[in-house]
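Q:
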Amino acid sequence: MGTESRATYTGNDSLLRIEDLKMYFKEGKKYLKAVDGVTLEIEDGESLCLVGESGCGKSTLLKCVAGILKPTSGKIIFQGQDLTKLKGRKLLKARRKIQLIFQNPYASLDPRMKIIDIVAEPLRIQGVPKDERRKIAVETLREVGLPPGVENKYPHQLSGGMRQRVAIARALSVKPKLVLADEPTSALDVSVQAGILNLMKRLQRDYGLTYLFVTHDMGVVRYICERVAVMYLGKIAEVASKKQLFNSPLHPYTQALLNSVPIPDPSKRKRRPPLKGELPDPLNPPSGCRFHTRCPYATEKCGKEEPQLLPKNGRLVACHLVNQD
Ligand code: SF4
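In C-alpha cells:
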C-alpha cells in the first residue's frame, strides 16, 4: 500500500491503535486536558511523527503509550490487546515490545550504573538470565556502533552522541516492535544528530521497527517520517503523509507551522499567514476550534463548534473551512 493511500487508513495492519485517548491532570479546581480525545493508528513498520508546539500534549500522549502515565480514559490497542486493561505478566510481555528513547541522554542514563548494566536492565526486568543478558547487551552495543570496552564505562565518560547510542541499545536489547522516541536528537550537537538519525533509520530497516517520533523539528520529520500527525492543544489537527504535509498542508495550523521552517530558497516559500500569538492557556482552552484565537480564517462558527477530524483528499483534517464542501 502506498504512503498516499494509507494516510488515513483504518487498516488491519495497525500495530498500534489509540482510541479516544484522554489524559487530564487536576490543577486546583480545574482539569488540564493535556490529551483530549486523540484517535490515531500506526501501521506495522512505519514511522509516524507527532509534531506541534511545546505544551500541545505530544509528549504526554507518548508517555501514555509507554505506560508511564495512566490515561484518564480511552484505549491503547497494541497488537490487538488493550494495554489499559492488561495486568501482571501479560502487561509485562506486551510492554517488552514497546520501548522508549528519551530526549536527554544525560538525564535518562543512571550515572551510577556501568553501560553494560544499563543496556541489560530491561532484560533483567523481563527475567532473562544474567549470562545471556550480558551477551545480548554487548552484541547490541556493537550493533549501535559503540566500540569494544564501552560496556565497562560509566555514562559520564561518554559523549552525548555515545550516550544516546547507549539509550538506543537499551531499547533495542529486548527486540521491541514499537519504539517511542521523544525528541531523541534535540539535546545533541547538530554535528551528531545526523549520525543518530541514520542509525535509527538503519535499525528500523534491519529490525522491522515501527517508530512513533515526537519532535518539533521539521528537519527530523522530513528525514525520518512517512506520516505526520499535527497536534494542537491536546487534539489532532491533521494527519497526512509527509509528502502531502510538506507540499500542500490543509489545516491552517499546519500551514503556519511550516511557515516557520527555514527553507534553502525563501523566495520559493508559498504565501501563507504566519503563526501569530502564544499558545493559549491549556487550563482554559478556547471554545469551539481551539485554534480559533490564532487562526487568520476563523469565523463565528469556529468559536462555537468544535471541528471533527474528517477524511479530506486522502488525509484527516479537523477544520470547518477545509471540510465545508
Ligand atoms: Fe481556523 Fe476555523 Fe479551521 Fe479552526 S475550524 S482552523 S478556526 S478555519
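Here the working numbering is used: position 161 in the sequence shown is 161, and no number is missing along the way.
Where is the CB? At the ideal position from N, CA and C, for every residue including glycine.
1. Quick one: grab the DSSP three-state call for Gln193.
2. Return the Cβ separation of Leu275 and Arg294 in integer angstroms, given the expectation that the two are a contact with Cβ distance under 8 Å.
3. Can you tell me whether Asp217 is helix, strand or coil according to DSSP?
4. Check this for me: beta carbons of Cys49 and Phe246, under 7 Å apart or not?
5. Examine the ligand SF4 and report whether any of its heavy atoms sits within less than 6 Å of the Cβ of Cys56.
6. Exposed or buried, which one is Gly127 when buried takes at least 16 other CB atoms within 10 Å?
7. Between Leu279 and Leu250, which are expected to be in contact by the criterion C-beta below 8 Å, what is the C-beta distance as a whole number of angstroms?
8. Identify every residue that forms a DSSP beta bridge with Phe25.
9. Out of curiosity, what's the CA-to-CA distance linking Val192 and Phe78?
10. Where do the N-terminal and C-terminal ends of the alpha helix (DSSP H) with Phe246 fall, by residue?
11. Please state whether the Cβ-Cβ distance between Ala240 and Arg315 is less than 7 Å.
12. Comparing alpha-carbon positions, which option in Gln324, Gly145, Asp44, Asp189 lies nearest Asn331?
13. Scan the segment 128–204 and note each continuous beta strand (DSSP E) run of 3 residues or more that stays entirely inside, going in chain order.
14. Three or more C-beta pairs under 8 Å: does that hold for the segment 163–182 against the segment 23–38?
15. I need the DSSP call for Leu121, collapsed to helix, strand or coil.
16. If you follow the beta strand (DSSP E) that Asp312 is part of, which residue opens it and which one closes it?
17. Mark Pro252 as exposed unless 16 or more other C-beta atoms lie within 10 angstroms of its C-beta, in which case mark it buried.
18. So what's Glu19 in DSSP terms, helix, strand or just coil?
19. Is there at least one non-hydrogen atom of the ligand SF4 closer than 6 Å to the beta-carbon of Ala298?
A: Considering the structure as presented:
1. Residue state for Gln193 is assigned as helix, using DSSP reduced to three classes.
2. About 7 Å separates the beta carbon of Leu275 from that of Arg294, a gap short enough to meet the 8 Å contact definition.
3. Coil.
4. Contact annotation: Cys49 and Phe246 have beta-carbon atoms that are not nearer than 7 Å.
5. Set against 6 Å, the gap from the CB of Cys56 to the closest heavy atom of the ligand SF4 is not smaller.
6. Exposed, since its Cβ has fewer than 16 Cβ neighbours within 10 Å.
7. Incorrect: roughly 21 Å between the Cβ atoms, too far for contact.
8. According to the DSSP secondary-structure assignment, Phe25 is paired through a beta bridge with Leu32.
9. Approximately 32 Å, taken between the alpha carbons.
10. Start and end: 242–247.
11. Here Ala240 is near Arg315, since their CB atoms are less than 7 Å apart.
12. Outside the shown range of the chain, which is 1 to 325, sits residue 331, and nothing can be said about it.
13. The qualifying runs are 178–182.
14. Between the segment 163–182 and the segment 23–38 there are fewer than three C-beta pairs closer than 8 Å, too few to call the two in contact.
15. One detail in the question is off: residue 121 reads as Glu in this sequence, not Leu. DSSP places Glu121 within a helical segment (H, G or I) once states are collapsed to three.
16. The question names Asp, yet the displayed sequence has Lys at residue 312. The continuous beta strand (DSSP E) containing Lys312 extends over residues 310–312.
17. Buried, by the Cβ-count rule.
18. Here Glu19 sits in strand by DSSP.
19. Remark: the C-beta of Ala298 is in contact range of the ligand SF4, defined as less than 6 Å to any heavy atom.
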